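One structure below.
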Amino acid sequence: MAEETIFSKIIRKEIPADIVYQDDLVTAFRDINPQAPAHILVIPNKLIPTMDDVETGDEAVLGRMMTVASKIAREEGIADDGYRLMINCKQHGGQEVYHIHLHVLGGRPLGPMLSRG
Ligand code: AMP
Numbered sequence: 001m002a003e004e005t006i007f008s009k010i011i012r013k014e015i016p017a018d019i020v021y022q023d024d025l026v027t028a029f030r031d032i033n034p035q036a037p038a039h040i041l042v043i044p045n046k047l048i049p050t051m052d053d054v055e056t057g058d059e060a061v062l063g064r065m066m067t068v069a070s071k072i073a074r075e076e077g078i079a080d081d082g083y084r085l086m087i088n089c090k091q092h093g094g095q096e097v098y099h100i101h102l103h104v105l106g107g108r109p110l111g112p113m114l115s116r117g
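Oh and the sequence shown: position 96 is 96 in the numbering used here, straight run, nothing missing.
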């Protein structure tokens, strides 16, 4: 059984977060340490620790994460100039929180890759 992270508490609104969207499958909120003028995380309400844990049965929620990311990018005003979607997986991918999250980043030219320095 996977261990819950702080993101489960955000979904249940047990700790504060700047939630910009929530439905039956996903929750989206502003990253606490933004790496770009717009930086939002879209996560499944169900705990899936990493991309290595996704199953065929998760296709609906994974698809919803994508459509919600697109909608949020439009609402944030970053869609016309473009943006980046990113999911880090495990240690080599730089994953810090083991509850999959789709980073939506934009609002400035992001270059060929993002570096946290
Ligand atoms: P990753 O390295 O892909 O696992 O990214 C984890 C992200 O979660 C980082 O960008 C953090 O700034 C962000 N983060 C961690 N805790 C919180 C929180 N309580 N609220 C919002 N974002 C968070």
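C-beta atoms are modelled at their ideal positions from N, C-alpha and C, and glycine is treated no differently.
These figures come from a predicted structure and were not determined experimentally.
TODO: Go ahead and label P109 buried or exposed: buried means 16 or more other beta carbons lie within 10 angstroms of its beta carbon, across all protein chains shown.
DONE: exposed
Task: Residue from T56, M86, G57 with nearest C-alpha to S70 - done: M86
Open item on the list: Under 7 angstroms, CB to any heavy atom of the ligand AMP. Which residues pass, going along the chain?
Closed with: I6, I10, I15, A17, F29, R30, D31, I32, N33, Q35, L41, N88, G94, Q95, E96, V97, H101, H103
Task: Residue closest to G93, alpha-carbon to alpha-carbon, out of P44, M51, I6, D80 - done: M51
Open item on the list: Suppose the cutoff is 6 angstroms on Cβ atoms and the five residues either side in sequence are ignored; what does the same chain contact list for I15 look like?
Closed with: K9
TODO: Under the assumption that D18 contacts F29 (Cβ atoms under 8 angstroms), give the Cβ distance between them as a whole number of angstroms.
DONE: 6 angstroms
Open item on the list: Based on DSSP bridge pairs, tell me the residues matched to H39.
Closed with: L105
Open item on the list: My output table needs one value for M113: the three-state DSSP class, helix, strand or coil.
Closed with: Correct three-state label for M113: coil.
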